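Residue numbers -4 to 112, in this note's numbering, belong to the letters of the sequence shown in order.
Positions of the beta carbon are idealized from the N, C-alpha and C atoms, including for glycine.
Since the model is a prediction, treat every value here as computed from it, not as a measurement.
Notes to accompany the following structure.
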Amino acid sequence: MRKLVNACRRLYQRTRNDEKLRESRKQKYIEAKRNYQAGIKKEKLNSWKEYCNVTASTNPWSQVYKLASGKIRANSITTTLTKQDGSEKTDIQETVEVMLDYLFKEDSEEENSHQKN
């Protein structure tokens, strides 16, 4: 459809000597452009309706309402970690424990020279 509109536009723009032919090509171009824009608008509306119907069938308060209110956020996925000994952690609890052990090491009661200063 877009190719047809572009072809009609080129024909209209290249016609310069014959005013009658130029006017008929102009009308044909305007009509083709109007049909093209109406087709785009119709397809956008159909696409939106299809999206709303698909998400509404699973949960009416899901993506459509979140999208309309601007509350869509990317989910953060926690992956498994590998400990220093090479073993992998498979569940969330073990992963959190490894992260906490790495980030917050236990404090020994002995003071070194740096801590004394």
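Can you give the Cα-Cα distance for residue i and residue j, rounded to whole angstroms?
| i | j | result |
| --- | --- | --- |
| K100 | T85 | 22 Å |
| E89 | I67 | 29 Å |
| E26 | V49 | 35 Å |
| S19 | S42 | 35 Å |
| K(-2) | K28 | 11 Å |
| K78 | Q110 | 29 Å |
| D80 | V93 | 12 Å |
| K39 | I87 | 42 Å |
| D91 | E83 | Residue identity differs from the one stated: residue 91 is Val in this sequence, not Asp. Rounded to the nearest angstrom, the two C-alpha atoms are 13 Å apart. |
Starting from the Cα of residue i, find the closest Cα among the options and give me that residue.
| i | options | result |
| --- | --- | --- |
| R4 | K21, M(-4), E14 and L16 | K21 |
| V0 | A33, T77 and V93 | A33 |
| N30 | M(-4), L95, A2 and R9 | M(-4) |
Using the beta-carbon count (16 or more within 10 Å), is residue i buried or exposed?
| i | result |
| --- | --- |
| Y46 | exposed |
| Y24 | buried |
| Y60 | exposed |
| Y7 | buried |
May I ask you to report which of helix, strand or coil DSSP gives residue i?
| i | result |
| --- | --- |
| T85 | coil |
| T10 | coil |
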